[in-house]
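In this text, residue positions in the sequence shown follow numbering that gives the first Met the number 0: the first is 0, and each later residue adds one.
To keep things clear, I will list the structure first and then write my remarks on it.
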Amino acid sequence: MKNKSIILGALFVLLGVSTANAQINFGEKALGAVQKGVAGFTFSDADAASLSKAAVDKMDAEHVITGAKDPYTLRLNKLFGKHKTTEGVALNYKVYKLNEVNAFATADGSVRVYSGLMDIMDDNELLAVIGHEIGHVVNTDSRDAIKAAYKKEAALGLLASQSDKVAAITDSQLAKVGSQMIDSKHSRKQESEADEFSYNFMKNNSYNVNAVSSAFAILAKMSEGAESSFLEKMMSSHPDPKERAENAKLRAEKDGLYKPYVKQKPVVAKKAPVKKKK
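Given below as structure tokens:
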């Protein structure tokens, strides 16, 4: 089995250490409805975005984020600079400097890519994987994940109103909600739809669609025996992890676009040389 730290560390550890309070406010009536299991409880898209952003802000503060002139940042900006708005969803991108294979996107449009993923994938493969994650946001799977995480904490009585008008989530509660949001597994239907979104994203933007099959084949191979969340989550909803790669290949054949994929050397932008002062 490959070293789990190379594949992915548990994100709740990354979320769990902080002393500041993050206040995400919802009406007491709505919160009480969740705690009592009222079916009519509403958790709006705005609520999902606010809570997701707070969770991501916390993770950003606890990770090493590559700087504006870092080769990883320059590469990601080059790839996704023109996709900051996709299907009407505003997206923001950052790179976490960690040798872990991971990427995720949340309901507020935050996309976080680990440098370890960028190290093993060429540009087209990376576009395919991130396109899949964006698909979960566009298809509202990410919204449903943060809603489920919030309701779970509320049902356990771990969230409580701080006043007669406002329910506040403390920093430690945010950590629990955030870790559940990131670790939540999507259904087979959701994963298949995100796969389809990735393929269409590549096709509609004139990228090499054969990279979809190649990228998923890499992840499928890495997932053999893996127990960490990203690879396990990406593959667990499918009876055969290799099936998603095969499906992408069949789709390319149907579209007359299939050809054996030749992996390209990642185009990593280099830092501009520092001019010496005379």
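For glycine and all other residues, C-beta sits at the position ideal for the given N, C-alpha and C.
- In this structure, Y198 places its C-beta atom within 8 angstroms of the C-beta atom of R250.
- Taking the Cα positions, V88 is about 18 angstroms away from D194.
- Scanning its chain for C-beta atoms nearer than 6 angstroms, with the 5 sequence neighbours on each side dropped, one finds around L256 the residues V208, in chain order.
- Using a 10 angstroms sphere on the CB of T105, the tally of other CB atoms reaches 16 or more, which defines it as buried.
- Considering only D170, D143, I168, E86, the residue with the shortest C-alpha distance to G130 is E86.
- I64 is bridged by DSSP to Y95.
- The region 211 to 225 makes contact with the region 110 to 124, as at least three CB pairs between them are under 8 angstroms.
- Counted as a single uninterrupted DSSP element, the stretch harbouring Y257 is not any beta strand (DSSP E), since DSSP gives it neither H nor E.
- In the DSSP annotation of this structure, the continuous segment of the alpha helix (DSSP H) that includes A219 starts and ends at 209 to 222.
- Listed in chain order, the non-local C-beta contacts of I64 below 6 angstroms within the same chain comprise K93, local neighbours out to five positions each way being set aside.
- For the pair A174 and E132, the CB atoms are not nearer than the 8 angstroms cut-off.
- Per DSSP, reduced to three states, the secondary structure at S178 is helical.
- Taking all protein chains in view, the Cβ of V261 is surrounded by fewer than 16 other Cβ atoms within 10 Å, so the residue is classified as exposed.
- For V110, the enclosing beta strand (DSSP E) starts and ends at 109 to 113.
- Using a Cβ-Cβ distance cut-off of 8 angstroms, the region 49 to 60 and the region 182 to 192 are not in contact, since fewer than three pairs of beta carbons, one from each stretch, lie closer than that value.
- For the options S178, N203, T84, N138, the alpha carbon positioned closest to that of D44 is the one of N138.
- Scanning its chain for C-beta atoms nearer than 7 angstroms, with the 5 sequence neighbours on each side dropped, one finds around A147 the residues S183, in chain order.
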